[in-house]
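Chemist: Supplied in structure tokens, the structure appears directly below.
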Ligand SMILES: Nc1ncnc2c1ncn2[C@@H]1O[C@H](COP(=O)(O)OP(=O)(O)OP(=O)(O)O)[C@@H](O)[C@H]1O
Ligand SMILES: [Mg+2]
């Protein structure tokens with residue numbers, strides 16, 4: 001502790017040469033800042049996209065209200081859940097602690113955008129209208145409406161031009177569209193957001209779902225929602241269900257199911273790799289630019305550094321100058337990078353309906369990466385310091 | 395009587411390179427300089443003057459012979475000891491070698507910062523005092539780029555002398571200056587050195603400044619000729 005205070009005191013007492021050198025050559029400083037800012041924005045965008053992708057592909061799983069979830073053993077993800085027999089529910093209901101078991105039907109449909117008349121692929125979700133399935137108040141308030149035939153709730157954050165249609169609906173006008181050969185009417189709006197694979201989603205009752213999917217049997221369920229009696233331990237009931245039910249289904253807790261979805265995206269899709277590569281590129285660009293700037297700076301001060309060594313300064317003092325420059329550059333480059341990335345997130349979110357947000361943890365990660373980036377460049381640049389030989393200056 | 399001598403060089407040899415390329419540039423150098431003495435070393439180009447100066451200053455390590463600077467033997471000294479030895483000396487170079495990103499004041503205080511024993515405000519106070527002594531009180535906050543050659547060299551002198559070193563080593567400090575500023579610079583060095591009682595070893599080709607010396611030594615082909623007559627003939 002005392003040692004630390006002493007170190008800080010000596011640090012405050014030394015001439016901030018790194019800062020002064022950077023400040024003296026504004027062009028060089030701006031180049032370095034621009035390079036780091038650019039690298040940081042690149043990294044922020046890559047991480048943001050990867051995260052948005054993960055999030056947007058798990059928005060419905062996250063919004064599920066049930067305590068436990070049953071899916072087919074062959075299920076890959078929310079878009080490809082496969083189906084399992086509805087009688088598993090009857091078996092499930094016998095297990096102590098289970099209060100209710102409800103089926104959820106999922107499928108992909110082509111619907112005609114009422115505004116542009118173009119066909120787009122939408123995720124269609126059929127739920128029991130008497131039992132809320134999602135933690136979406138707008139949906140749960142309209143469950144009565146979808147009991148009527150051919151009524152659907154529309155995700156107003158769906159990708160595409162829907163603004164006029166939404167406006168019309170809000171004015172109280174009737175909005176209809178076609179799914180296959182049937183005409184459906186929009187009975188309400190809610191907001192979740194598009195994913196990369198689906199432009200949007202519609203929620204309707206299980207009966208309507210089966211009407212719109214004539215080939216699907218009512219007995220073939222996509223997902224089972226299990227609610228527990230108050231006081232029941234989810235993990236205990238899950239284990240019991242898993243033991244009791246046949247091997248064609250698996251039982252997960254709600255969080256376990258979200259992890260299952262994330263796991264699938266991470267392992268099955270190149271998202272992690274692609275965006276990881278993108279981040280690495282940004283990082284390398286940053287290292288190269290900062291290295292260029294720092295090594296030029298060291299080179300152009302070699303004579304002065306040699307003089308310092310002749311005066312009796314240690315090599316570590318010169319290292320300190322480069323480290324100081326690296327730290328100053330990290331901070332000066334990171335701040336505009338963060339601000340611009342925040343703006344870019346908002347623009348991108350508005351343009352793509354992807355859920356782009358800036359969690360504090362990501363800002364900290366990128367700040368740490370920036371320090372590593374500048375530190376690495378600085379470390380390479382300091383090798384040039386060997387050339388500052390005090391014997392050569394006379 | 396080494397106590398009175400701030401520099402004692404005894405049978406010093408020095409070679410550059412190794413093997414077939416080895417080239418000896420200093421031969422059996424013997425030189426004693428008393429505390430407070432001003433010694434000028436002259437001689438033809440390539441005779442080894444700078445090499446001797448860098449050895450005495452601990453800027454390169456001496457190989458054979460003995461080299462005592464203010465009582466410390468620096469032949470065969472470790473890098474760490476050399477770094478410490480350098481702090482006892484003030485250096486003045488042909489090029490001023492000031493740091494371009496630092497003001498005159500900040501440059502001068504670096505001469506104190508390296509000692510590591512004074513707080514910043516005190517360093518700055520002493521640096522300002524020193525700059526006043528070399529006649530630059532009006533220029534303390536100027537950057538080197540905004541100073542004339544003579545002014546820069548005076549800042550360099552202030553930097554070398556601010557820590558009151560026992561020894562000042564100067565290598566052609568007037569070579570880049572016109573006659574008038576060259577003279578001024580040498581006078582300032584002379585006066586300050588006499589005032590602080592420090593020893594000066596100055597290498598120069600400039601005959602106009604020989605008069606400040608207490609003694610002149612002459613270097614030729616790596617050998618030192620101390621006899622005043624020889625030095626006089628050489629001139
Ligand atoms: N680093 C080095 N490596 C090899 N040879 C060197 C090195 N430095 C100097 N020399 C050689 O040593 C000899 C003495 O050089 P030095 O610089 O000491 O001469 P000088 O008397 O200072 O000359 P000048 O008056 O031109 O400055 C020269 O022949 C030079 O070529
Ligand atoms: Mg020389």
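Chains as they are written, first to last, in my numbering: chain A, 1 to 394; chain B, 395 to 629. Just so you know, even glycine gets a beta-carbon here, dropped at the ideal spot from N, CA and C. Here the structure is a predicted model, which is why all the values come from computation and not from measurement.
(1) What are the start and end residues of the alpha helix (DSSP H) that includes residue 518 of chain B?
(2) Got a sec: which bits of the segment 242–273 of chain A sit with their beta carbon under 7 angstroms from any beta carbon on chain B, in order along the chain?
(3) What first and last residue would you give for the beta strand (DSSP E) that runs through residue 154 of chain A?
(4) Sorry if obvious, but does the Cβ on residue 440 of chain B come closer than 7 angstroms to a heavy atom of ligand 1?
(5) Do the segment 140–150 of chain A and the segment 200–218 of chain A meet, that is, are 3 or more Cβ pairs less than 8 angstroms apart?
(6) If you count every other CB in all the chains shown that lies within 10 Å of the CB of residue 57 of chain A, and 16 or more means buried, which is it?
(7) Closer than 7 angstroms: is that where the CB of residue 444 of chain B sits relative to any heavy atom of ligand 2?
(8) Could you check whether the Cβ of residue 20 of chain A sits closer than 8 angstroms to any Cβ belonging to chain B?
(9) Report whether the distance from the Cβ of residue 421 of chain B to the nearest heavy atom of ligand 1 is below 7 angstroms.
(10) Would you say residue 297 of chain A reaches chain B, if we count a Cβ-Cβ gap shorter than 8 angstroms as a contact?
(11) Taking 8 angstroms as the CB-CB cut-off, is residue 13 of chain A touching chain B?
(12) Just curious, the alpha helix (DSSP H) that residue 207 of chain A is in, first and last residue?
(13) Any idea if residue 117 of chain A is buried or exposed, counting beta-carbon neighbours within 10 angstroms, 16 or more meaning buried?
(14) What number of angstroms, rounded off, separates the C-alpha of residue 355 of chain A from the C-alpha of residue 172 of chain A?
(15) Against residue 27 of chain A, what residues of chain B qualify as contacts under a CB-to-CB distance less than 9 angstroms, listed in chain order?
(16) Would you mind giving the Cβ-Cβ distance between residue 567 of chain B and residue 579 of chain B, rounded to the nearest angstrom? I have them listed as a contact below 8 angstroms.
(17) Quick one: which unbroken beta strand (DSSP E) runs of 3-plus residues sit fully inside the segment 442–488 of chain B? Chain order, please.
(18) From residue 176 of chain A to residue 187 of chain A, what does the alpha carbon distance come to, in whole angstroms?
(19) Would you check if the distance between the CB atom of residue 504 of chain B and the CB atom of residue 311 of chain A is smaller than 8 angstroms?
(20) If you run the structure through DSSP and keep just helix, strand and coil, what is residue 137 of chain A?
(21) Examine ligand 2 and report whether any of its heavy atoms sits within less than 7 angstroms of the Cβ of residue 25 of chain A.
(22) Which residues mark the beginning and the end of the alpha helix (DSSP H) in which residue 274 of chain A is found?
(23) Less than 8 angstroms between the beta carbons of residue 68 of chain A and residue 252 of chain A, yes or no?
(24) Could you tell me which whole beta strand (DSSP E) segments of length 3 or greater appear in the segment 72–130 of chain A?
(25) Across which residues does DSSP place residue 613 of chain B in a beta bridge pair?
(26) Look up residue 404 of chain B in the DSSP assignment and say whether it is helix, strand or coil.
(27) For residue 370 of chain A, would you say it is in contact with chain B, using Cβ-to-Cβ distances shorter than 8 angstroms as the test?
(28) Just list the beta strand (DSSP E) runs in the segment 228–257 of chain A, keeping only unbroken ones of 3 residues or longer that don't cross its boundaries, in chain order.
(29) For residue 496 of chain B, go through chain A and note every residue whose CB falls closer than 8 angstroms to its CB, in chain order.
(30) Is the shortest distance between the beta-carbon of residue 454 of chain B and the beta-carbons of chain A less than 8 angstroms?
(31) Spatial neighbours of residue 81 of chain A within its chain, please: C-beta separation below 7 angstroms, excluding the five flanking residues on both sides.
(32) Go to residue 321 of chain A, then tell me how far its alpha helix (DSSP H) extends in each direction, as first and last residue.
(33) Can you name the residues that DSSP bridges to residue 176 of chain A?
(34) Is any heavy atom of ligand 2 found at a distance shorter than 7 angstroms from the C-beta of residue 565 of chain B?
(35) Does the beta carbon of residue 560 of chain B come closer than 8 angstroms to any beta carbon on chain A?
(36) Do residue 453 of chain B and residue 387 of chain A have their C-beta atoms within less than 8 angstroms of each other?
Modeler: Checking against the coordinates, here is how it stands:
(1) 514–527
(2) none
(3) Residue 154 of chain A -> beta strand (DSSP E) spans 151–155.
(4) yes
(5) yes
(6) buried
(7) yes
(8) yes
(9) no
(10) no
(11) yes
(12) 206–212
(13) exposed
(14) 29 angstroms
(15) Neighbours of residue 27 of chain A on chain B: none; closest Cβ ~14 angstroms, over 9 angstroms.
(16) About 6 angstroms separates the beta carbons of residue 567 of chain B and residue 579 of chain B, which is inside the 8 angstroms limit, making them a contact pair.
(17) Segments of the beta strand (DSSP E) lying fully in the segment 442–488 of chain B: 458–463 and 483–486.
(18) Going from the Cα of residue 176 of chain A to the Cα of residue 187 of chain A covers about 9 angstroms.
(19) yes
(20) helix
(21) no
(22) 271–300
(23) yes
(24) 98–112 and 119–127
(25) B/618
(26) strand
(27) no
(28) You should have 249–253.
(29) For residue 496 of chain B, the neighbours in chain A by C-beta distance under 8 angstroms run, in chain order, 15, 17 and 20.
(30) yes
(31) 71, 72, 75, 106, 222 and 223
(32) 315–352
(33) According to DSSP, which records beta bridges pairwise, residue 176 of chain A is partnered with A/185.
(34) Inclusion of residue 565 of chain B in the 7 angstroms shell around ligand 2 follows from its C-beta lying nearer than that to a non-hydrogen atom of the ligand.
(35) no
(36) no
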